[in-house]
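**Q**
2 protein chains.
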Amino acid sequence: MYVKQTTARSDSLAQPDLFSSESHFGAIVPNKQPAELLPGEPIHHESVHGREGEGHESTEHGGIKVIKVDFEEVETPFIIALWIFCASLAKIGFHMAPKLSHIFPESCLLILVGLVIGLLLNYTQSVHVSPLTPKTFFHFMLPPIILDAGYFMPNRLFFNNLGTILLFAVIGTLWNTFSIGLSLYGLGFTGIFGGDVAEHLTLLPTLLFSALISAVDPVAVLAVFEEIHVNEVLYIVVFGESLLNDAVTVVLYHMFEDYATMGENQIDTMEIVKGIASFPVVALGGTAIGIIWGFLTGFVTRFTNHVRVIEPIFIFVMAYLSYLCAETFHMSGILAVTFCGITMKNYVQANISQKSQCTVKYAMKMLSSSAETIIFMFLGVSTIHDEHNANVWFIIFTILFCTVYRIIGTIVLSALANKFRLHKLGRVDQFVMSYGGLRGAVAFALVLLIKEEAVNKNNELRKMFITTTIAVIYFTVFLQGITIKPLVCWLKVKRAEKRKPTMNERIHERLMDHTMVVLESIVGQTGHYKLRDK
Amino acid sequence: MYVKQTTARSDSLAQPDLFSSESHFGAIVPNKQPAELLPGEPIHHESVHGREGEGHESTEHGGIKVIKVDFEEVETPFIIALWIFCASLAKIGFHMAPKLSHIFPESCLLILVGLVIGLLLNYTQSVHVSPLTPKTFFHFMLPPIILDAGYFMPNRLFFNNLGTILLFAVIGTLWNTFSIGLSLYGLGFTGIFGGDVAEHLTLLPTLLFSALISAVDPVAVLAVFEEIHVNEVLYIVVFGESLLNDAVTVVLYHMFEDYATMGENQIDTMEIVKGIASFPVVALGGTAIGIIWGFLTGFVTRFTNHVRVIEPIFIFVMAYLSYLCAETFHMSGILAVTFCGITMKNYVQANISQKSQCTVKYAMKMLSSSAETIIFMFLGVSTIHDEHNANVWFIIFTILFCTVYRIIGTIVLSALANKFRLHKLGRVDQFVMSYGGLRGAVAFALVLLIKEEAVNKNNELRKMFITTTIAVIYFTVFLQGITIKPLVCWLKVKRAEKRKPTMNERIHERLMDHTMVVLESIVGQTGHYKLRDK
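Below, the structure is given as structure tokens:
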């Protein structure tokens, strides 16, 4: 599909940054092959642009060449552009086969295409490009998707259900992590996973694994739920959970990785206190950074009325900066971008021109859609390259525990939430909530980042975690993703209403809101009305 | 403004690709300083994401830290985002001071801001970021600007004036290169440039320099001409010339660099023939690649009616791929993107949805506007870091020759063009055309790419070329850019009409066009009507 040159490269220049493979990830090491050059193709070490680098060549070949091929210097942008192009073509392809896309969600089809491409690349041994590195994923693909989610978050719905969402995101994730982790750890003693693994499957690596496998993935949830159109409350609860649980996952993952690296005997009370203190810091810190950048964006866009064309730039760049700021301080970047989007929206939409609004809206959708496309396709491609260690019982029990504990957690927490909710979560809702707990690329990126020190320096254990994570992702995305649509129909889950609220409804709703704030103030009670009201 | 860490880095990973400085450019070598770390800030060598890299740290510090700062891993995207942000803020700033922006064109102000930032960075010695590398410029900043130009090219006007544009772009550029080059070379014998330089200022390096200094810059021309609103014919002639002369400049630059590297005595007839053969290959090859990708885009967008959201992606990605394809084969990338835009426009606009059209339009304007902003700002910043060698006489005579030969060329070629033109180019038009021959970032990027082998291994000569190029750019952008607006007013140059043509006018125009094609067919003559008519 594209010409490749895996020649020896000079330092930083020729090595593509975005697609560079880091050897300590182990999982995605490209099989470097001897160069297969185009006939007569020159090899440059210092070439930077087409207008340069002929010096060597002409002295070698003794003259000017009328036509030259020099792929290496444009390699990185070329490959990125080509991936985006292929992914978009694949997406068109699905919609040309309506039967196919009726049964399979798009995410499944993209993974399948990725698998095929991965097999082809593997077969031709041209695995020069090792696509989904965790760095690429976290720095370039996740932010646009989350920004899109935050910016177009239905504020009203979100803050109405914030309590329930937080309950599931915090308590639910903690419950899942510890129940899955402890169960797997306990099961290890029975020897069912084989002697070699059982030996290294100590408590902390198991909890590290369960922390990353417990997180419901916003990208997967968005991809599946946007196609099945369940009612808004159900959607916001599942999707909100997948966004807000990021902080919990980050802290748990960090904590267990640190503990596992330190060794169990080094952990004292102080360490545990510090670990627990990280929760509010990471969560509130990320939220605060997001809100600050959101307000800043609102402020800056007040002054753009003479230079309308750069309004969208501010929105994208400042949201991205909020994400990077949060990541710099090891806060939750997802929370930062989500709240940056939520905060800026109202101000920005009032400040910027109609045309900029249109640009922002569709450019955001375009970016997030292409990022999502690439993530699922890369997930398929990466599957092929990974060094696998498939422990069938470990995979089966992980999937089993993931499913069972999610159902238990949902039932218990729903019962708790229903005590405070006006709109109760029924049996069917609870089922969809458990069933919609999809795992995805976040878990995959996190499992690739596990260092050997954290898994008792046992690379086999690391590989087993990687394989199991992929299996869980495939199970949830394929089996649950494909069956959720028929199930939702069969269970007669309340669907989303398509119509827009009339002007009259909106005015009354607004009036009721304000009245409620007043009433709450009089009664001395602060509920979610106050939070949402801006 | 941002924390920096210039610690020893592990190979390709930590070194930011986009901003990497290549030592053989000489001109933009950052003054690497010892690391100034934040207090207690950990140094990572392998850290990739916030979720990773705590291993070392915790073993060093003996535990979890609740708040961590880890800038290095998000450095590259952070710095890029910050540059864009600052550039956009600067742009807002100018419009807050209407008096300032009335006198100075925006490009001048941006260069000034860049100069100030460059001085600050130089003063604080935190020159970790060396922004405008030729690679960054050619791969990431130039394509969006040219695509914007090509996509919104007024086809009718462009093809109506194609003859004149080509005359100026090909013959004019050749004339400028050889007249400037030979004059400077001749002047070298008088010894006015000093003995040391005169010794190394042989014919081929001088011609190499004159080739890059002769090219009228599309970015600078766009920036200035969009503010002065001269009539369309004048605009399209100058701007079209700046686009189409790219092929000539690429060939001349390559050719003289190769010749200079080979040495004068090695050049035989064959080499010269091959050099001349490069002209049609580079020009027509680039155009052909652009047209092919343009048609492909038109074809692909026929099938996107179910997935409207990815329509803009195709347009951007495929245009970018046309640029990269052309660059791979050392064709003219600028011509490829220009013609890709021209070709795709008609088909794409009929195929894609109204919303996608809006997105494409404003996203393109946004991208090109920010690329332009950054180019001018970086031009200012880069000026400070360069190793300079200011030869006053060389600079003065280069500017003089640039101006004089451009005027002579314009007068002669206009006289030639007027023989075939219905709408004659008057004296005033000719003056604006000569005066609007601005030099800019393309010349700057090309001069940085000159290798030592091509300048008789004399680095002082290279530095002198760099300094002179910057001086010429500043002269044209500042002096000509600032004075062109009052001059245009004073000379009463016909301004652009703002109104849209009425429906009636458009129908009649279209009818006339088709009639003319028929008439031309009958007479057996093929004029520009046939070319344009699609």
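Chain order of the listed sequences is A and B. According to UniProt numbering, the residues represented by the first sequence are 1 to 534, in order. According to UniProt numbering, the residues represented by the second sequence are 1 to 534, in order. Glycine included, every Cβ here is placed at the ideal spot set by N, Cα and C.
Just reading off the alpha helix (DSSP H) that Ala-97 of chain B is part of, what are its end residues?
**A** For the purposes of this step, residue 97 of chain B is taken as residue 97 along the second sequence, with counting starting at 1. Careful: Ala-97 of chain B lies outside any alpha helix (DSSP H) and carries neither H nor E.
**Q** Just confirm the distance between the C-beta atoms of Tyr-347 of chain B and Gly-333 of chain B, as a whole number of angstroms; I'd bet it's less than 8 Å.
**A** As a working note, residue 347 of chain B is residue 347 in the second sequence. As a working note, residue 333 of chain B is residue 333 in the second sequence. Not really, about 22 Å apart at Cβ, beyond 8 Å.
**Q** What is the residue span of the alpha helix (DSSP H) that Arg-156 of chain B lies within?
**A** Position 156 of the second sequence, counted from the first residue, corresponds to residue 156 of chain B. Run containing Arg-156 of chain B: 155 to 160, per the alpha helix (DSSP H) assignment.
**Q** Answer yes or no: does any C-beta atom of chain D fall closer than 8 Å to that of Lys-365 of chain B?
**A** Absent from the structure is chain D; the protein chains it does hold are A and B.
**Q** Nearest chain B C-beta to Cys-489 of chain A closer than 8 Å, yes or no?
**A** Residue 489 of chain A sits at position 489 when you count from the first residue of the first sequence. No, Cys-489 of chain A does not count as interfacial toward chain B.
**Q** Quick check on Gly-55 of chain A: buried or exposed, where buried means 16 or more other Cβ atoms within 10 Å of its Cβ?
**A** Taking the first sequence and counting its residues from 1, the one referred to as residue 55 of chain A is at position 55. Only weak support is given to the placement of Gly-55 of chain A: the predicted model assigns it a pLDDT of 38, under 50, and the value that follows is read from those uncertain coordinates. Buried: at least 16 other Cβ atoms inside 10 Å.
**Q** Any idea what DSSP makes of Arg-439 of chain B, helix, strand or coil?
**A** Translated into the one-based positions of the second sequence, residue 439 of chain B becomes position 439. Note: Arg-439 of chain B maps to coil in three-state DSSP.
**Q** So which residues on chain B does Phe-318 of chain A lean against when the C-beta distance must stay under 8 Å?
**A** Numbered from its first residue, the first sequence carries residue 318 of chain A at position 318. With the sequence shown as reference, residue 318 of chain A is identified as Met, and Phe is not the correct amino acid for it. The answer, in chain order, is Phe-85.
**Q** Tell me whether Val-348 of chain A sits in a helix, a strand or coil according to DSSP, three-state version.
**A** Here residue 348 of chain A corresponds to residue number 348 of the first sequence, with the count starting at 1. Helix.
**Q** Between the stretch 223 to 240 of chain B and the stretch 162 to 174 of chain B, can you find at least three pairs of beta-carbon atoms closer than 8 Å?
**A** Verdict: yes, contact present.
**Q** For Leu-461 of chain A and Ala-441 of chain A, what's the separation of their Cα atoms in angstroms?
**A** Walking along the first sequence from the start, residue 461 of chain A turns up at place 461. Walking along the first sequence from the start, residue 441 of chain A turns up at place 441. Going by the C-alpha atoms only, they are around 20 Å apart.
**Q** Check whether the Cβ atoms of Val-248 of chain A and Ala-169 of chain A sit closer than 8 Å, and answer yes or no.
**A** Counting from one through the first sequence, the residue named residue 248 of chain A turns up at place 248. Counting from one through the first sequence, the residue named residue 169 of chain A turns up at place 169. Cβ atoms of Val-248 of chain A and Ala-169 of chain A: closer than 8 Å.
**Q** Closer than 7 Å: is that where the CB of Gly-194 of chain A sits relative to any heavy atom of the ligand ADP?
**A** Among the components modelled here there is no ligand, and therefore nothing to report on the ligand ADP.
**Q** In angstroms with no decimal places, state the Cα-to-Cα distance between Tyr-253 of chain B and Asn-389 of chain B.
**A** Residue numbering aside, residue 253 of chain B sits at position 253 when the second sequence is read from its first letter. Residue numbering aside, residue 389 of chain B sits at position 389 when the second sequence is read from its first letter. Taking the straight line joining both Cα atoms gives about 22 Å.
**Q** What number of angstroms, rounded off, separates the C-alpha of Asn-305 of chain A from the C-alpha of Cys-358 of chain A?
**A** Here residue 305 of chain A corresponds to residue number 305 of the first sequence, with the count starting at 1. Here residue 358 of chain A corresponds to residue number 358 of the first sequence, with the count starting at 1. Near 16 Å, if we compare the C-alpha coordinates of Cys-358 of chain A and Asn-305 of chain A.
**Q** What's the gap between the Cα of Trp-393 of chain A and the Cα of Ile-313 of chain A?
**A** Sequence index remark: in the first sequence, residue 393 of chain A carries index 393 (1-based). Sequence index remark: in the first sequence, residue 313 of chain A carries index 313 (1-based). When rounded, the distance between both Cα atoms is 50 Å.
**Q** Count the other CB atoms within 10 Å of the CB of Asp-268 of chain B; is the residue buried (16 or more) or exposed (fewer)?
**A** By one-based count along the second sequence, residue 268 of chain B stands at place 268. The residue in question, Asp-268 of chain B, is exposed, as its Cβ has fewer than 16 Cβ neighbours within 10 Å.
**Q** Exposed or buried, Ala-201 of chain A, counting other C-beta atoms within 10 Å across all chains shown (16 or more means buried)?
**A** Within the first sequence, the letter at position 201 stands for residue 201 of chain A. The residue asked about is misnamed: residue 201 of chain A is Leu in this sequence, not Ala. Looking at its Cβ environment, which holds 16 or more other Cβ atoms inside 10 Å, Leu-201 of chain A is buried.
**Q** Could you have a look at Arg-421 of chain B and say whether DSSP puts it in helix, strand or coil?
**A** As a working mapping, residue 421 of chain B is identified with position 421 in the second sequence. Arg-421 of chain B falls in the coil class under three-state DSSP.
**Q** For Asp-148 of chain A, would you say it is in contact with chain B, using Cβ-to-Cβ distances shorter than 8 Å as the test?
**A** Position 148 of the first sequence holds residue 148 of chain A. No, Asp-148 of chain A does not count as interfacial toward chain B.
**Q** Using 10 angstroms around the beta-carbon of Ala-350 of chain A, count the other beta-carbons present and answer buried if the total reaches 16, otherwise exposed.
**A** As a position in the first sequence, residue 350 of chain A is number 350, starting the count at 1. The residue in question, Ala-350 of chain A, is exposed, as its Cβ has fewer than 16 Cβ neighbours within 10 Å.
**Q** Please confirm whether Asp-429 of chain A has its beta-carbon closer than 8 Å to some beta-carbon of chain B.
**A** If you number the first sequence from 1, residue 429 of chain A lands on position 429. No, because no Cβ of chain B sits closer than 8 Å to the Cβ of Asp-429 of chain A.
**Q** Just list the residues that DSSP pairs Val-230 of chain A with in beta bridges.
**A** The count along the first sequence starts at 1 and reaches residue 230 of chain A at position 230. Note: Val-230 of chain A sits in a beta bridge opposite A:Arg-495.
**Q** Could you check the C-alpha separation between Lys-274 of chain B and Ile-111 of chain A for me, to the nearest Å?
**A** The residue labelled residue 274 of chain B in the question sits at position 274 within the second sequence. The residue labelled residue 111 of chain A in the question sits at position 111 within the first sequence. C-alpha separation (whole angstroms): 49 Å.
**Q** Short of 7 Å in beta carbon distance, which residues of its chain neighbour Val-221 of chain A, apart from the five on each side in sequence? Order them along the chain.
**A** In the first sequence, counting from the first residue as 1, residue 221 of chain A sits at position 221. Val-238, Phe-239, Ser-242, Gly-436 and Leu-438, listed in sequence order.
**Q** Using a C-beta cutoff of 8 Å, does Met-512 of chain A count as contacting chain B?
**A** In the first sequence, the residue the question calls residue 512 of chain A occupies position 512. Closer than 8 Å: no.
**Q** Please classify Pro-42 of chain B: does DSSP put it in a helix, a strand, or coil?
**A** As a working note, residue 42 of chain B is residue 42 in the second sequence. With a pLDDT of 38 at Pro-42 of chain B, under the threshold of 50, the modelled position of that residue is not reliable, and the figure given next carries that caveat. It is coil, neither helix nor strand.
**Q** Let's test the definition: count the other Cβ atoms within 10 Å of the Cβ of His-49 of chain A and tell me whether it reaches 16, buried, or not, exposed.
**A** Position 49 of the first sequence, counting from 1, holds the residue named residue 49 of chain A. Annotation note: pLDDT 41 at His-49 of chain A (below 50); position unreliable, coordinate value reported separately. Result: buried.
**Q** So with CB distances below 8 Å, who are the chain A contacts of Cys-108 of chain B?
**A** Within the second sequence, the letter at position 108 stands for residue 108 of chain B. Near Cys-108 of chain B there are no residues of chain A at all, since even the closest Cβ is about 16 Å away, more than 8 Å.
**Q** Pull out every residue of the stretch 207 to 231 of chain B whose Cβ sits closer than 7 Å to any Cβ of chain A, in chain order.
**A** Within the stretch 207 to 231 of chain B, no residue has a Cβ that lies closer than 7 Å to any Cβ of chain A.
**Q** Hey, how far is the Cα of Leu-89 of chain B from the Cα of Thr-301 of chain A?
**A** One-based indexing of the second sequence puts residue 89 of chain B at position 89. One-based indexing of the first sequence puts residue 301 of chain A at position 301. Spanning the two alpha carbons is a distance of roughly 10 Å.
**Q** Can you list, in chain order, the residues of its chain with a C-beta nearer than 7 Å to that of Ile-411 of chain B? Leave out the 5 residues immediately preceding and following it.
**A** By 1-based counting over the second sequence, the position of residue 411 of chain B is 411. Here the set comprises Gln-430.
**Q** Return the residues of the stretch 69 to 83 of chain A that lie within a Cβ-Cβ distance of less than 8 Å from chain B, sorted by chain order.
**A** Here the close residues are Val-69, Asp-70, Phe-71, Glu-73, Val-74, Thr-76, Pro-77, Phe-78, Ala-81 and Leu-82.
**Q** Is the shortest distance between the beta-carbon of Met-96 of chain B and the beta-carbons of chain A less than 8 Å?
**A** To locate residue 96 of chain B, count along the second sequence from 1; it is residue 96. Yes, its Cβ sits closer than 8 Å to a Cβ of chain A.
**Q** Looking only at its own chain, which residues have a Cβ that is under 6 Å from the Cβ of Pro-218 of chain A, when we skip the five neighbours before and after it?
**A** As a first step, residue 218 of chain A is located in the first sequence; it is residue number 218 there, counting from the start. So the list reads Ser-242 and Leu-243, once near-sequence residues are dropped.
**Q** Buried or exposed, going by whether 16 or more other CB atoms sit within 10 Å of the CB of Leu-491 of chain A?
**A** One-based indexing of the first sequence puts residue 491 of chain A at position 491. Looking at its Cβ environment, which holds fewer than 16 other Cβ atoms inside 10 Å, Leu-491 of chain A is exposed.
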